[in-house]
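Peer 1: For the protein sequence lines, the chains are P and V, in the order given. Counting from 0, one number per residue, gives the positions in the first sequence under numbering that gives the first Met the number 0. Counting from 0, one number per residue, gives the positions in the second sequence under numbering that gives the first Met the number 0. Just so it is clear, CB atoms sit at the ideal spot from N, CA and C, and this is done for glycine as well. Can you keep this structure in mind? I'll have questions shortly.
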Amino acid sequence: MIKILLKKQFLEMFKSFFYNQKTNEKRSAGSVALYISLFVFSTVIVLGGMFTALALLLCSSLAAMDLSWLYFALFSIIAILIGIFGSVFNTYSGLYLSKDNDLLLSMPIPVHAIMISRLLGVYLMGLMFSGIVILPAVAVYSFVKFSVLSLIGGIILIFLISLIVLILSCLLGWVIAKISLKLKNKSFITVIISLAFIAAYYFVYFKAQTIIKNFLENAVTYGEKIMSDVYPLYMFGKIGTGDILSILIFTAAILLLFAVMWFVLSRSFIKISTSSAASANSKSGALRKKSAARQNSISKALLKKEFARFTSSPNYMLNCGLASFLIPILGIFLIIKKADISYAFNTLFVNSAGLKTAVICIALCLLATMNDSAAPSVSLEGKSIWILQSLPIDPKLPLIAKLLVQILVTAVPLVFCSACAAFAFSADAVSILFMIIIPIIFALLSSCFGLFIGLKMPNLNWTSEITPIKQNIGVLIAIFGGVLFIGFMFVFCLILVNIIGMAACLSVVAVIMLALSYLLLHWITTKGANIFKNL
Amino acid sequence: MLTIEHLTKKYGDFKAVDDLSLHILPGEIYGFIGHNGAGKTTTLKSIAGILSFDEGDIKINGLSIKTNPIECKKLFAYIPDNPDLYDFMTGEKYLNFIADIFEVSAASRSALIKKYADIFEMTNSLGNPISSYSHGMKQKLAIISAWIHDPKLIIMDEPFVGLDPKASHILKEMMREVCNNGGAIFFSTHVLEVAEKLCDKIAIIKSGKLIRSGSMDEVKGDDSLENIFLELEE
């Protein structure tokens, strides 16, 4: 029974390697090999290579200082964090909110068999993510300071870390599942958490050199501090060096924790796994708020509907509206770093203040290309497109609403950022005017272009919204089309700013963009509307 | 109310609907029956303005759906066989969205939403996202959204699928009420007993062609609708 369930579990986990997610057709052998190779390359070679390099950098120095335990403690913490980060969302969706829980529970399958298959899936995911970190660490240590005991300790450490990841993933996954069933604005919270992770990632990425340097310089001090304040961490690090006492204590403790987790989970699995969103909502009695109904105009109703679509999906917001979150941050950054940035720009454009303004405008436009909500918006109608098609509305109205969403979520933060840029660079009135209007017109143009592509390449047959949002060639064309246009704009300004002047050059750019926007808008409201009506 | 004249709809070389003509008068509940793939949904989608068609015309109160789609759509409501609604909205937001599009006043919509939500026992669920609804609840919501703008004509594709017996009974009463007030209903169904008891007239379609239509007596005489349907299908 467990074998059958495991087969199903693995098929589900690795389905994308064998089946085309868009068409549900089986991939060719060559295609499967290519996908698996890409996966192996990205995880083993790139990520594993990155941590191997880090291990090589730290291992010899720490081992020489007799701080091998600190080396293993550090890599263990990173491995646990990455393991949890990689598998917690899988636990959340795979263990607690799995769509086939009801189906499996209705069949004559022992609950423990379902749990084992689910947990093994989570375990392997955690092992994979934590292994990317801890495997190179153990391998490098064996290479630098080999002993049979340390090799055994290293292997046990890999196993224990994978168990810790499993236990913590189950715990955190349960918390996330519980929270997600109760939250009202979970899309925004998901977006904020994702952005926090991205920010943390880039922070660590940019500060990595400094952190490592600082760590190596003060390793002895840190080691002493950990030994006195967090003794269990010292003991845990000793596992990797082959310290038998540490191995025994932690193996026993972790196995005990695992047993407790198994006991708790087996007692509550049915209850948790059948707490679907629907039942949770009805149990919590999410009663309708008695609010005064208000009549909206058709255009406003359509715009509200499009905004509701956009804000309901973290995938949609993160992939097609990231600039709306980043642009204001950049604006604030410009104000904070006013002196440095202003100095850098003034030095770079010492002979051409006009080009400086043009480059700032182009940089703002470049940021706007990260927003492309209009491109997948037609495909995102999916099977519910019949609603707009059967309603008594001009088919161009929903399209205009789709355009407006992208324009508004892009232009508003852009105006803020332009104002910040104007302040940071102490721009004159003419420059300020262009810093505001050029990005806004570009937002209009890129929205029109995105929707044009969306109408030309619609895909209404999808099961996961990721398909129209990410796995869509039209979206790629919309983004890269925008970047390409900005490239032309840059070359155009580079050549002409010093000849005809900044104001004239940017005015020409604005007129070209407005003319292109007009043409696209005309097409959208005529031919595009006809396409939309007949999709 | 609804006139279908020589409707033909092709998918490539395949004629899904072939020269179909029907006339539905105010006050009539008109049933549309046929085997799977006979062309019922294609016909209903063509009436609703979702599908364009190759030949013929469809008129609602004398207005052609081809030339006056918006004016026509203001007169009817359409409920598809599978109510794929906006999962990202709550039931209440969806109803308000539909009411906005049909320009239903705030006071009127509040009263109608309350009335129909109470009737279908949906009041406590309207605050929940549609994604959490069962098929039957989505069907009820689609029905409420169709009724809240007081349409003259209601086009429904398999409206009873997924509804519990009580909701089915309520829907039948609501359909009769629409017709008593001068409206008309055109709906497809596979449940012949329902068609027999509820409809004033029926049309039977086979492989895209209308093979029989008229009042219940004209179509079935003294026989049962099931026997007539099976005979015609052979």
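What runs of the alpha helix (DSSP H), each 4 residues or longer, lie entirely inside the stretch 360-444 of chain P?
Peer 2: The stretch 360-444 of chain P contains these whole alpha helix (DSSP H) runs: 373-376, 384-389, 395-423.
Peer 1: Does any residue of chain P have a CB that is nearer than 7 Å to the CB of Asn96/V?
Peer 2: Note on residue identity: the sequence assigns Phe, not Asn, to residue 96/V. Judged by the 7 Å Cβ criterion, Phe96/V is in contact with chain P.
Peer 1: Taking only beta-carbon positions, decide if Phe389/P is within less than 7 Å of chain V.
Peer 2: The sequence given here places Ser at residue 389/P; Phe does not occur at that position. At least one chain V Cβ lies under 7 Å of Ser389/P.
Peer 1: Which one or two residues does DSSP pair with Lys8/V in a beta bridge?
Peer 2: Paired residue(s): Val16/V.
Peer 1: Between Pro375/P and Ile468/P, is the Cβ-Cβ spacing less than 7 Å?
Peer 2: Cβ distance < 7 Å, so Pro375/P and Ile468/P count as in contact.
Peer 1: Output needed for Ser245/P: all residues of its chain with C-beta closer than 6 Å, excluding positions within five of it in sequence on either side, in chain order.
Peer 2: Cβ neighbours of Ser245/P beyond the five flanking positions: Met234, Lys237, Ile238.
Peer 1: In terms of residues, what are the limits of the beta strand (DSSP E) holding Asp156/V?
Peer 2: Residues 152-156.
Peer 1: Please state whether the Cβ-Cβ distance between Val190/P and Pro327/P is less than 7 Å.
Peer 2: In this structure, Pro327/P does not lie closer than 7 Å to Val190/P by Cβ.
Peer 1: Strictly under 7 Å for the Cβ-Cβ distance: is Ser311/P near chain V by that measure?
Peer 2: It does; some Cβ of chain V falls within 7 Å.
Peer 1: When we look at the beta-carbon of Gln405/P and count the other beta-carbons within 10 Å, is it buried (16 or more) or exposed?
Peer 2: Counting Cβ neighbours within 10 Å, Gln405/P comes out buried, since at least 16 surround it.
Peer 1: Applying the criterion that 16 or more other CB atoms from any shown protein chain within 10 Å of the CB defines a buried residue, is Leu541/P buried or exposed?
Peer 2: Only positions 0 to 534 of chain P appear in the structure, and residue 541/P is not among them; the question remains open.
Peer 1: Quick check: the Cα distance between Val349/P and Phe142/P, rounded to an integer number of angstroms?
Peer 2: Roughly 54 Å between the two C-alpha positions.
Peer 1: Answer yes or no: does any C-beta atom of chain V fall closer than 7 Å to that of Lys14/P?
Peer 2: Answer no: the Cβ-Cβ gap between Lys14/P and chain V never drops below 7 Å.
Peer 1: What residues in the stretch 55-80 of chain V bring their beta carbon closer than 9 Å to a beta carbon of chain P?
Peer 2: The stretch 55-80 of chain V vs chain P, Cβ under 9 Å: Pro68, Ile69, Glu70, Cys71, Lys72, Lys73, Leu74, Phe75, Ala76, Tyr77, Pro79.
Peer 1: Please state whether the Cβ-Cβ distance between Gly353/P and Leu454/P is less than 7 Å.
Peer 2: For Gly353/P and Leu454/P, no; Cβs fall outside 7 Å.
Peer 1: Can you tell which of Ser383/P, Arg26/P, Asn345/P has its C-alpha closest to the C-alpha of Trp461/P?
Peer 2: Out of Ser383/P, Arg26/P, Asn345/P, Ser383/P has the C-alpha closest to the C-alpha of Trp461/P.
Peer 1: Got a sec: is the Cβ-Cβ distance from Lys304/P to anything in chain V below 7 Å?
Peer 2: Yes - at least one Cβ of chain V is within 7 Å of the one on Lys304/P.
Peer 1: When burial is assigned at 16 or more other CB atoms within 10 Å of the CB, is Gln8/P buried or exposed?
Peer 2: By the 10 Å Cβ count, Gln8/P comes out buried.
Peer 1: Between Ser311/P and Tyr93/V, what straight-line distance do the alpha-carbon atoms span, to the nearest angstrom?
Peer 2: Answer to the nearest angstrom: the Cα atoms are 14 Å apart.
Peer 1: Within the same chain, show all residues whose beta-carbon is closer than 7 Å to that of Leu402/P, passing over the 5 residues directly before and after it, in chain order.
Peer 2: Result list for Leu402/P: Ala373, Ser446, Cys447, Leu450, in chain order.
Peer 1: Counting only Cβ-Cβ distances shorter than 9 Å, please list the residues of the stretch 439-473 of chain P near chain V, keeping chain order.
Peer 2: Those would be none; no residue qualifies.
Peer 1: Taking Cβ positions only, does Ile1/P come closer than 7 Å to chain V?
Peer 2: No, Ile1/P lies away from the interface with chain V (no Cβ there is under 7 Å from its Cβ).
Peer 1: How would you label Met434/P, buried or exposed, when you count the other beta carbons within 10 angstroms and need 16 or more for buried?
Peer 2: Result: buried.
Peer 1: By Cβ distance, which residues of its chain are closer than 7 Å to Cys416/P, with the 5 residues on each side in sequence left out?
Peer 2: These residues qualify, in order along the chain: Ile326, Pro327, Leu329, Gly330, Leu363.
Peer 1: Determine which residues share a DSSP beta bridge with Pro128/V and list them.
Peer 2: In the DSSP output, where bridge partners are listed per residue, Pro128/V has Thr89/V.
Peer 1: Would Lys73/V pass as a contact of Ser45/V if the rule is Cβ separation under 7 Å?
Peer 2: For Lys73/V and Ser45/V, no; Cβs fall outside 7 Å.
Peer 1: Tell me, to the nearest whole angstrom, how far the beta carbon of Gly135/V is from that of Ala116/V; I am working on the premise that it is less than 8 Å.
Peer 2: Gly135/V to Ala116/V, Cβ: 14 Å. No contact.
Peer 1: In whole angstroms, what is the alpha-carbon distance linking Ser214/V and Tyr29/V?
Peer 2: Distance between the alpha carbons of Ser214/V and Tyr29/V: 9 Å.
Peer 1: Under the three-state reduction of DSSP, which class applies to Leu162/V: helix, strand or coil?
Peer 2: Three-state DSSP puts Leu162/V in coil, outside helix and strand.
Peer 1: Measure the CB-CB distance between Ala37/V and Lys205/V and report whether it falls below 7 Å.
Peer 2: Their beta carbons are under 7 Å apart, which means Ala37/V touches Lys205/V by this criterion.
Peer 1: Name, please, each residue of chain V whose Cβ falls closer than 8 Å to the Cβ of Lys382/P.
Peer 2: The contacting residues are Asn81, Asp83.
Peer 1: Given a cut-off of 7 Å on the beta-carbon distance, is the pair Ile131/P and Gly47/P in contact?
Peer 2: Against a cut-off of 7 Å, the Cβ pair of Gly47/P and Ile131/P comes out as a contact.
Peer 1: Report buried or exposed for Pro109/P, applying the criterion of at least 16 other Cβ atoms within 10 angstroms of its Cβ.
Peer 2: Under this definition Pro109/P is an exposed residue.
Peer 1: Looking at Ser60/P and Leu215/P, is the spacing between their C-beta atoms short of 7 Å?
Peer 2: Yes, the Cβ-Cβ distance between Leu215/P and Ser60/P is below 7 Å.
Peer 1: Quick check on the DSSP output: the beta strand (DSSP E) that includes Ala37/V runs from which residue to which?
Peer 2: That residue, Ala37/V, is in no beta strand (DSSP E); it is neither H nor E in DSSP.
Peer 1: Rounded to the nearest angstrom, what separates Leu347/P and Ala400/P at their Cα positions?
Peer 2: Each residue's alpha carbon lies about 41 Å from the other.
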